[in-house]
Amino acid sequence: MAIYPECDVEQMSDKEILEHLANMGINVSIDTFKEKAIKIGSPNGLASIWTKSASDFFHKAARKLWEIHLNDVKCPEILADFADEVIAMYDKNADAIDRSILLDIYEKIKKLYHNLLKGDGSPDIELYEKVNGEELDGELEEFILSLPLELSRHGLVDEAVNTGRWFAEFSEYPELFLRDIGCILADAGRKDEALKQIKVNLQRFPIDVWVIISAGDAMQSLEDMKAAEEFFLKAHRMAVEEDDKLGALERLIDLYRAMGSEEKARKYEDEYAELTEIPEEPIQAENKPSRNAPCPCGSGKKYKKCCMNKYGN
1 MAIYPECDVE QMSDKEILEH LANMGINVSI DTFKEKAIKI GSPNGLASIW
51 TKSASDFFHK AARKLWEIHL NDVKCPEILA DFADEVIAMY DKNADAIDRS
101 ILLDIYEKIK KLYHNLLKGD GSPDIELYEK VNGEELDGEL EEFILSLPLE
151 LSRHGLVDEA VNTGRWFAEF SEYPELFLRD IGCILADAGR KDEALKQIKV
201 NLQRFPIDVW VIISAGDAMQ SLEDMKAAEE FFLKAHRMAV EEDDKLGALE
251 RLIDLYRAMG SEEKARKYED EYAELTEIPE EPIQAENKPS RNAPCPCGSG
301 KKYKKCCMNK YGN
């Protein structure tokens, strides 16, 4: 297998790239490159056809030629690489994230969003699914979901709201983005906007327990305790899954404590405790102690005076 010398592709002109490719046995012009690249659909796909060698030059060359001559052709591979660079930028600075870094990330996410739109400005769902799913295995949406709250914590409320609304257009689960927006606006004291977003969310997702819980969170931030209570109680009544029920209970307990309603708080604490109680492991017959032996529960009592009746004789 031939090993070719590596070159700094970024410093090379089109002519130099084409000449270097020709020296490696790949005779191609800009026009034939564009034709083949579009047909194959990605620079790496074209590079893989050019060679099976260990050289990275082919991939770098195909990528640079694509970015120069096909920058108006949306390629999932290139968009995914761009998104991956943004995520890596956040991860690199996660321990020292600040407003300036987040603004830079926001501008890149804004660019990505516009590249995911069709010519008429509508979301290109198919393209997004290829980038997020096929290329990044869901990592992009996972990152974007966490970004609005991070932006808002650094005072970038408009940027947070924009990001959430943009990517709600693409997601299979838009409620995950939109429910946070109501809370972000409420936390920022933008009451009218928060109420409008909450209303839209409830109309669009009327049976989503966490949309209702988030509405309660927003109302509590706006210091409308009565409305928050109504939303949390509604979520509590509707909840079927244990996690949903626990989410509503946690908020009811905290709300009643904040309101000074200790009796109500204790009532829901008891229910919370029942749901989170770890069931005792039954004592297997062969491991049962004798009637007069110390009880294995650690109470210090004899087995017959303690847990024997729970498990039978």
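Residue numbers (the working numbering): 1 to 313.
The beta-carbon is built from N, C-alpha and C at its ideal position, and this holds for glycine as well.
Rounded straight-line distance, which links the Cα of residue j to that of residue i
i	j	result
L195	I184	11 Å
Y4	S48	The predicted model places Y4 with a pLDDT of 42, which falls under 50 and marks its position as unreliable, so this point remains unresolved.
L145	H20	44 Å
L102	L178	20 Å
V209	D243	10 Å
A94	A215	29 Å
S122	K110	15 Å
N313	L275	Because N313 sits at a pLDDT of 49, beneath the cut-off of 50, its placement in the model cannot be relied upon, and the point is left open.
E142	P296	46 Å
S171	R165	10 Å
S36	A168	Note that residue 36 is Lys in the sequence shown, not Ser. Rounded to the nearest angstrom, the two C-alpha atoms are 35 Å apart.
G119	E126	14 Å
K108	A96	19 Å
S13	V28	15 Å
P76	K39	14 Å
E135	T32	26 Å
E129	Y106	21 Å
A2	V211	Here the model assigns A2 a pLDDT of 40, short of 50, so the residue's position is not dependable, and the following value carries that caveat. Between A2 and V211, the C-alpha separation is close to 59 Å.
K199	Y173	18 Å
S261	E269	12 Å
P294	V240	41 Å
K267	A273	10 Å
K234	L151	30 Å
S42	F205	38 Å
Q220	E263	20 Å
E277	D81	46 Å
D224	Q197	16 Å
A22	K15	11 Å
D124	D192	31 Å
Of the residues the options, the one placed nearest residue i, counting alpha carbons only
i	options	result
L202	I38, L176, M259	L176
L112	A248, F58, M12, T163	T163
A265	L149, E229, P296	E229
F57	P174, A83, M24, L156	M24
K245	E263, I213, D8	I213
E271	A188, F143, A248	A248
E250	E262, V240, F232, E263	F232
D11	L65, L46, I40	The residue you asked about is not Asp; residue 11 is Gln in the sequence shown. Among L65, L46, I40, the Cα nearest to that of Q11 belongs to L65.
I30	D187, L46, A22, H69	H69
L147	Y268, D104, L46, G41	D104
A83	I17, K226, G133, E193	G133
L117	D72, D192, V86, G138	D72
I87	G138, E277, Q197	G138
K226	V211, V9, A258	A258
K34	E16, A22, R63	R63
I207	E16, M238, Q220, E85	M238
L140	D192, D124, E193, E85	E85
For residue j and residue i, believed in contact at Cβ under 8 Å, the rounded distance
i	j	result
H236	L252	6 Å
A218	G182	5 Å
N115	K74	6 Å
A188	V157	5 Å
L79	V131	5 Å
D180	L222	Actually they are not in contact, since the Cβ atoms of D180 and L222 sit about 15 Å apart, beyond 8 Å.
H154	R190	That belief does not hold up - the Cβ atoms of H154 and R190 are roughly 16 Å apart, past 8 Å.
K60	V9	4 Å
I26	W50	5 Å
Residue i - containing alpha helix (DSSP H), residue span
i	result
K196	191 to 204
Q11	First-last for Q11: undefined, no H or E at that position.
K92	76 to 92
G45	43 to 50
D180	174 to 187
S100	99 to 115
I40	30 to 40
K64	57 to 69
Q) Which residue spans inside the segment 130 to 172 form an unbroken alpha helix (DSSP H) run of at least 4? A) 139 to 153, 157 to 168
(Q) What ranges does the alpha helix (DSSP H) occupy inside the segment 213 to 287, keeping only unbroken runs of at least 4 residues that lie completely in it? (A) 225 to 238, 242 to 259, 262 to 276
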